[in-house]
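**Student:** For the sequence shown, my numbering gives the first residue as 139, with consecutive numbering after it.
The beta-carbon is built from N, C-alpha and C at its ideal position, and this holds for glycine as well.
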Amino acid sequence: MTASTRPTLLAIFAHPDDEAFSVGGTLTHYARQGVRVVLACATRGEAGKITVPGMTVDDLGAQREQELREACRALEIEPPVFLDYHDSGRYERTRHDDPTALMNVNPLDAEVKLRALIEDVQPRVIVTFDPHGGYGHVDHLQIHRAATAAFFSTGHLPSGGPQRLYYTAMPHQAAAQISRLGHDQSLDPLVYGVSDSTLAVTMDVGAYAENKKAALAAHGTQMGETSLMGRLSPDERAAMEERMLGKESFSIGGTRTAIREYPLRGLFDGVGVEGLV
């Protein structure tokens, strides 16, 4: 695979650490196959919650940007591209009055930025959040909307545009497990999780567990004692890691190529890259 024929995978997420949880192993897998992996992050996570007791950070956005850069190195992909919006926050940290907070941005404006990025890097495949944003975070929903729109509005590009759009997908059994472990008891697994028949691709990423662990650890402000992972008992953490580090699943958001078999063998199955699935 030469540099001129090297295919690109574009992953589009909202905050530093979104990539590590849901697609980290998949990104490393394709990077090792010679794919150019580009990660677009809408914000720098400025309104995140520091989960390390006693830690103070002068500039959380700058800190989390550096954490994401370290996570990308751990995943063996190139440095991230930032869309330069602000993190909207959640609960008491919600930035209702910040005009550049992603929740307050017109999704069509974000789509314009993503269309320019798509034209620049010419991805064959795009990956982004599912329609529920994983667990309903407003920034995740905004990026889902903008990325989906950008996929559909770039088919006219001379390159033909991206050929396949995938959404991260959580089987409802995994969603039930997360709910039981206290992430958010209000999340109905049958709403935020999907049926097995909805899973178009399930990637076995166990071989990249150490990369994914290192990427998660790089997000130090978010992985402390008071984080979800930090609050788990050893048995609960082991159960969570078994699922998180072993499998990553995706549903289809859009396609410009025929799907001849279902489920697919991988994200590049049927998109015209010889020898790559």
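In this structure, how does DSSP classify Leu370 when only helix, strand and coil are distinguished?
**Tutor:** The answer is coil: DSSP assigns Leu370 none of H, G, I, E or B.
**Student:** Give me the Cβ distance between Val409 and Val263, rounded to the nearest whole Å; I'm assuming they're in contact under 8 angstroms.
**Tutor:** Their Cβ separation, rounded to whole angstroms, is 6 angstroms, which keeps Val409 and Val263 in contact under 8 angstroms.
**Student:** Do the segment 161-177 and the segment 364-373 make contact, defined as three or more Cβ pairs closer than 8 angstroms?
**Tutor:** No, they do not touch.
**Student:** By the DSSP assignment, the alpha helix (DSSP H) with Tyr346 in it spans what residues?
**Tutor:** Note, Tyr346: premise wrong, no alpha helix (DSSP H); not H, not E.
**Student:** Cβ atoms of Arg253 and Ala288: under 8 angstroms apart, would you say?
**Tutor:** Contact flag set, yes.
**Student:** Where do the N-terminal and C-terminal ends of the beta strand (DSSP E) with Leu221 fall, by residue?
**Tutor:** Note, Leu221: beta strand (DSSP E), Val219 to Tyr223.
**Student:** In terms of alpha-carbon separation, which member of Gly299, Ala313 and Lys251 lies closest to Ile281?
**Tutor:** Out of Gly299, Ala313 and Lys251, Lys251 has the C-alpha closest to the C-alpha of Ile281.
**Student:** Can you find the residues in the same chain that come closer than 6 angstroms, C-beta to C-beta, to Met308, ignoring five residues on each side of it along the sequence?
**Tutor:** Counting only Cβ-Cβ distances below 6 angstroms, and skipping sequence neighbours, we find Gly331.
**Student:** Could you check if Val382 is buried or exposed, using at least 16 other CB atoms within 10 Å of its CB as the buried criterion?
**Tutor:** The sequence given here places Met at residue 382; Val does not occur at that position. Counting Cβ neighbours within 10 Å, Met382 comes out buried, since at least 16 surround it.
**Student:** Nearest by alpha-carbon distance to Asp407: which of Glu205, Met241, Tyr304 and Ser317 is it?
**Tutor:** Selected option, being the one with the closest Cα: Tyr304.
**Student:** Report all residues from its chain with a CB closer than 7 angstroms to the CB of Leu419; omit the five preceding and five following residues, and keep chain order.
**Tutor:** The structure shown does not extend to residue 419, since the chain spans only 139 to 415, so no value can be given for it.
**Student:** Where does Glu205 land, buried or exposed, given buried means 16+ other C-beta within 10 angstroms?
**Tutor:** Buried.
**Student:** For a quick check, are the C-beta atoms of Gly414 and Pro145 less than 8 angstroms apart?
**Tutor:** A small correction: the amino acid at residue 414 is Leu; Gly does not occupy that position in the sequence shown. In contact: Leu414 and Pro145 (Cβ atoms closer than 8 angstroms).
**Student:** Out of Arg369, Ala347 and Gly293, which one is the CA nearest neighbour of Thr164?
**Tutor:** Answer by Cα proximity: Ala347.
**Student:** Have a look at Glu399, Arg318 and Ile188 and flag the residue whose alpha-carbon is nearest the alpha-carbon of Ala377.
**Tutor:** Minimum Cα distance to Ala377 is reached at Arg318.
**Student:** What's the C-alpha gap between Glu363 and Pro191?
**Tutor:** Those two C-alpha atoms are separated by around 7 angstroms.
**Student:** At which residues does the alpha helix (DSSP H) containing Ala285 begin and terminate?
**Tutor:** Unbroken alpha helix (DSSP H) run through Ala285: Val276 to Phe290.
**Student:** When DSSP labels each residue in this structure, what does Val250 get in the three-state scheme?
**Tutor:** It is helical.
**Student:** Inspect the beta-carbon positions of Pro401 and Thr340 and report whether they are closer than 8 angstroms.
**Tutor:** Yes; because the gap between Cβ atoms is below 8 angstroms, this pair is in contact.
**Student:** Thinking C-alpha only, which one of Ser333, Leu148 and Gly392 is nearest Phe220?
**Tutor:** Ranking Ser333, Leu148 and Gly392 by Cα distance to Phe220 puts Leu148 first.
**Student:** Look at Arg302 and Thr232 and say whether their C-beta atoms are less than 8 angstroms apart.
**Tutor:** The answer is no: Cβ separation not under 8 angstroms.
**Student:** Pull the bridge partners of Pro309 from the DSSP assignment, please.
**Tutor:** Bridge partners of Pro309: Val332.
**Student:** For Val190, which three-state DSSP category applies?
**Tutor:** Residue state, collapsed to three classes: coil.
**Student:** Could you tell me which residues DSSP puts in a beta bridge with Cys439?
**Tutor:** Coverage of the chain is limited to positions 139 through 415, which leaves residue 439 absent and any answer about it impossible.
**Student:** So, helix, strand or coil for Val173, using DSSP?
**Tutor:** In this structure, Val173 counts as coil in the three-state DSSP scheme.
**Student:** Could you work out which residue in Leu366, Asp247 and Gly227 is closest to Gln315 when comparing CA atoms only?
**Tutor:** Answer by Cα proximity: Leu366.
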